[in-house]
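A.B. asks: All residue numbers for the sequence shown refer to my numbering, where the first residue is 2 and numbers rise by one. Every residue gets a Cβ at the ideal spot worked out from N, C-alpha and C, and that includes glycine.
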Amino acid sequence: MGTDTPQSHRVRGGSLPHHWTRVDDPTAESVVASYETVIAGGGPAGLTAGYELAKHGRGAVVLEADPRMVGGISRTDEYKGYRFDIGGHRFFSKSSEINALWQEILGDEFVTRTRLSRIYYRRKFFHYPLKPLDALVKLGPVRAARIVLSYAKARLRPIAPERSFEDWVVNRFGRELFATFFKSYTEKVWGMSTSEMSADWAAQRIKGLSLTKAVLGALLGGRKSKRGEVIKTLIEEFQYPRLGPGQMWETARDRIRELGGAVHNDRRVVRIEHDGSAVRAFLTVDAQGRRCRYHGNHFLSTMPIRELIRAMDPPAPPEVVRAAESLRYRDFLSVVLIVNRAETFPDTWIYIHEPDVLVGRIQNFKNWSPDMVPDHSRSSLGMEYFCFEGDNLWTMADSDLVALGRREIDAIGLARAEDVVDGCVVRMPKAYPVYDDVYQDHLAVIRRWLASLGNLELAGRNGMHKYNNQDHSMMTALLAARNILGLGRYDTWKVNTDAEYHEDGDGPGSDRTGRLVPRRVAAAEAS
Ligand SMILES: Cc1cc2nc3c(=O)[nH]c(=O)nc-3n(C[C@H](O)[C@H](O)[C@H](O)COP(=O)(O)OP(=O)(O)OC[C@H]3O[C@@H](n4cnc5c(N)ncnc54)[C@H](O)[C@@H]3O)c2cc1C
């Protein structure tokens, strides 16, 4: 069964000896294993924790549901030699510790990329972030006049009070620019109307990009805010592994194994056995339905909180189950098109604001790294669709999705349908944890109950229901591992948007919620 050679009876410094016991009944838990620490999920968080523990010579196993890949949302998939991300993954962090860790794992396998990611609208490319002068020139005199008039109207008679994302943007850019450049893309991503999203999200997300500031920025060429901080949307250089983000996580997996730790694929954790005060074992099922039980002293979960609570045995109290079932997610699928063209467009990715197509963003993978394609006379484009698991897009047959992608790339004029020679589809459930009106209340109920399981740590993106980037997911995992190692007592919920850890007493204003996402108007007003 296992993908690793079982490391039978090998005792490592400070670790619980882990061992395998084969039992005869193949329908029961046919393999039982013990490790000092058992980790659910082989994405960036689970592998970071596994690596940290292995570096300290402590026995750990990472259990990954996928039969062959690691890296989770940050994996790199492959189709006929074409490598592609689930979305493009930039490596950018303000945390020196995370940057050092990336270097330690991948070293000179990084390439430095210059970001070019424009908005595509009515067969023209516009700067992203939006540069109003550029937009006015490209939209033509009639449209430009309408934009200027609607901007003037918004300045003279601003919407008050400013409740929604829509109100906020209209007040700063005018309704015409809002309708052209903000509405359709934002609604595609989040699956809700911009009039339902809270204004504070727009204020934080689009900060520093008001019309006036954008014009001044264009004239002065500055990229720094007053405090000298890089404005996030303007980051123009970033690191990228030569073979995509999956290279980072495949290397991390290999390092863990070299250091004596274990990473097992095809191990979906389906049962968390506990006694009310501590977790005793994770039970996994593989693709053939075979079950393994992993005992341990410490447990770390990066699996989605909803699944974690569903897996509790005995079940969590009803109010905790209700809270977990109320957590929501936004899902994502990518249609990868192989195009018989050496060059399509120079961007790493493009935001699609064309009104009549469903595609939200298009990645051009060879512009992330030339080594992402096996044949330089061709390109591979990732057509990204935001959806909900089970909706029309999600359930569409792969061949129909490839046909849709081919139609849409032709319709918007970025490639000709006849140049699309092949394609594949990858679906990513739970790509985005949703921050709705009530998710924080639900999380509080869940966290209160989980606190009673003293040897269970949570880390990562869906593992904590936080809209985290890799660095943030990794930092929560590093701290969780250090708790296990006895190197401190860190509250992983206090890792902020810059993957920095805040001690108690940072004050109520400090942001501990992860990256920014829209909230519904009602929730924003209540807080
Ligand atoms: C479209 C998109 C673009 C992004 N772009 C960037 C970017 O540019 N830069 C960046 O830094 N970050 C980016 N991110 C965020 C990044 O993908 C995540 O922060 C990161 O992958 C989270 O790591 P994780 O380990 O917490 O979770 P995941 O990546 O979700 O990994 C969790 C793993 O656990 C496994 N698992 C789940 N349930 C079980 C179970 N029951 N048993 C066993 N295993 C299980 C899953 O198969 C998965 O491998 C992007 C995300 C998306 C959706």
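On the DSSP bridge assignment, give the partners of residue 328 in chain order.
C.D. replies: DSSP lists no partner for residue 328.
A.B. asks: Pull the bridge partners of residue 426 from the DSSP assignment, please.
C.D. replies: 336, per the DSSP bridge assignment.
A.B. asks: Are the beta-carbon atoms of residue 88 and residue 389 separated by less than 8 Å?
C.D. replies: Against a cut-off of 8 Å, the Cβ pair of residue 389 and residue 88 comes out as no contact.
A.B. asks: Going by DSSP, what residue range makes up the alpha helix (DSSP H) through residue 92?
C.D. replies: Premise fails: residue 92 is in no alpha helix (DSSP H) and is neither H nor E.
A.B. asks: Give the straight-line distance between the Cα atoms of residue 394 and residue 277, rounded to the nearest whole angstrom.
C.D. replies: Each residue's Cα considered, the two are about 41 Å apart.
A.B. asks: So, helix, strand or coil for residue 104, using DSSP?
C.D. replies: Three-state DSSP puts residue 104 in a helix.
A.B. asks: Report the partner residues of residue 265 according to the DSSP bridge assignment.
C.D. replies: Per DSSP, 64.
A.B. asks: Determine, using beta carbons only, whether residue 349 and residue 117 come nearer to each other than 8 Å.
C.D. replies: Going by C-beta atoms, residue 349 is nearer than 8 Å to residue 117.
A.B. asks: Would you say the beta carbon of residue 443 comes nearer than 7 Å to a heavy atom of ligand 1?
C.D. replies: No; taking the cut-off as 7 Å, the Cβ of residue 443 has no heavy atom of ligand 1 nearer than that.
A.B. asks: Using a Cβ-Cβ cut-off of 6 Å (strictly less than) and excluding sequence neighbours within five positions of residue 91, which residues of its own chain qualify?
C.D. replies: For residue 91, where only same-chain residues beyond five positions count, the Cβ hits under 6 Å are 239.
A.B. asks: Whether or not the segment 267-281 and the segment 61-76 are in contact is what I'm after, with contact meaning three or more pairs of Cβ atoms, one per stretch, closer than 8 Å; do they touch?
C.D. replies: Judged by Cβ distances under 8 Å, the segment 61-76 makes contact with the segment 267-281, as three or more pairs qualify.
A.B. asks: Distance check for residue 68 and residue 189, CA to CA, integer angstroms please.
C.D. replies: Approximately 31 Å between the Cα atoms of the pair.
A.B. asks: Taking only the alpha-carbon atoms, compute the straight-line gap between residue 5 and residue 258 and give it to the nearest angstrom.
C.D. replies: Only weak support is given to the placement of residue 5: the predicted model assigns it a pLDDT of 40, under 50, and the question is left unresolved by the model.
A.B. asks: Output the boundary residues of the beta strand (DSSP E) element that contains residue 448.
C.D. replies: Per DSSP, residue 448 belongs to no beta strand (DSSP E); it is in the alpha helix (DSSP H), 440-451.
A.B. asks: With residue 72 and residue 290 assumed to form a contact (beta carbons below 8 Å), what rounded beta-carbon distance in angstroms separates them?
C.D. replies: Going by Cβ atoms, the distance from residue 72 to residue 290 rounds to 25 Å, so no, they are not a contact pair.
A.B. asks: Run through the DSSP bridge pairs and tell me what residue 529 is partnered with.
C.D. replies: What the structure shows of the chain is the stretch from 2 to 528, and residue 529 is not part of that stretch, so it cannot be assessed.
A.B. asks: In chain order, what residues of the same chain lie with their CB nearer than 7 Å to the CB of residue 171, ignoring the 5 residues before and after it?
C.D. replies: Contacts found: 155, 160, 179.
A.B. asks: Could you check which residue in 254, 475, 107 has the C-alpha nearest to that of residue 55?
C.D. replies: For the residues 254, 475, 107, the minimum Cα distance to residue 55 belongs to 254.
A.B. asks: Does the Cβ-Cβ distance between residue 337 and residue 381 come in under 8 Å?
C.D. replies: Yes.
A.B. asks: Spell out whether any CB of chain C is found under 8 Å from the CB atom of residue 103.
C.D. replies: This model lacks chain C altogether, as it is built from one protein chain only.
A.B. asks: So residue 437 is in the alpha helix (DSSP H); what residue range does that whole segment cover?
C.D. replies: First-last for residue 437: undefined, no H or E at that position.
A.B. asks: Got a sec? Which residues, its chain only, sit under 8 Å from residue 147 by beta carbon, not counting five neighbours each side?
C.D. replies: Here the set comprises 177.
A.B. asks: Tell me, please, which residues DSSP counts as bridged to residue 1.
C.D. replies: No statement about residue 1 is possible, as the shown extent of the chain runs from 2 to 528 and does not include it.
A.B. asks: Going along the chain, which residues of its own chain have a beta-carbon closer than 8 Å to the beta-carbon of residue 370, five neighbours each way excluded?
C.D. replies: Closer than 8 Å at the Cβ level, and outside the excluded window around residue 370, lie 112, 114, 241, 242, 243, 244, 245.
A.B. asks: Quick check: is any heavy atom of ligand 1 less than 7 Å from the C-beta of residue 466?
C.D. replies: No, Cβ of residue 466 sits at least 7 Å from all heavy atoms of ligand 1.
A.B. asks: By Cβ distance below 8 Å, which residues in the same chain neighbour residue 502 in space, the five residues on each side in sequence not counted?
C.D. replies: 476, 480, 491, 495, 496, listed in sequence order.
A.B. asks: Of the residues 100, 139, 135, which one's Cα is nearest the Cα of residue 546?
C.D. replies: Not covered by the structure: residue 546. The range shown for the chain is 2 to 528.
A.B. asks: Using 10 angstroms around the beta-carbon of residue 99, count the other beta-carbons present and answer buried if the total reaches 16, otherwise exposed.
C.D. replies: Result: buried.
A.B. asks: Is residue 442 buried or exposed, if buried means 16 or more other CB atoms sit within 10 Å of its CB?
C.D. replies: It is exposed - the Cβ of residue 442 has fewer than 16 other Cβ atoms within 10 Å.
A.B. asks: Near residue 430, which residues of its chain fall below 6 Å by C-beta distance, leaving aside the five closest residues on each side in sequence?
C.D. replies: These residues qualify, in order along the chain: 332, 390.
A.B. asks: By Cβ distance below 6 Å, which residues in the same chain neighbour residue 309 in space, the five residues on each side in sequence not counted?
C.D. replies: Here the set comprises 302.
A.B. asks: Quick one: measure Cβ to Cβ for residue 544 and residue 432, integer angstroms, because I've assumed they're closer than 8 Å.
C.D. replies: Beyond the ends of the chain as shown, which are 2 and 528, falls residue 544; an answer cannot be given.
A.B. asks: Using only the heavy atoms of ligand 1, determine whether one of them is closer than 7 Å to the beta carbon of residue 471.
C.D. replies: True, at least one ligand heavy atom lies under 7 Å from that Cβ.
A.B. asks: Classify residue 143 as helix, strand or coil using the three-state DSSP reduction.
C.D. replies: Here residue 143 sits in helix by DSSP.
A.B. asks: Check residue 467 in the structure and name its three-state DSSP category.
C.D. replies: Coil, per DSSP.
A.B. asks: Taking the alpha-carbon positions, what's the residue 435 to residue 328 distance?
C.D. replies: Their Cα atoms are separated by approximately 7 Å.
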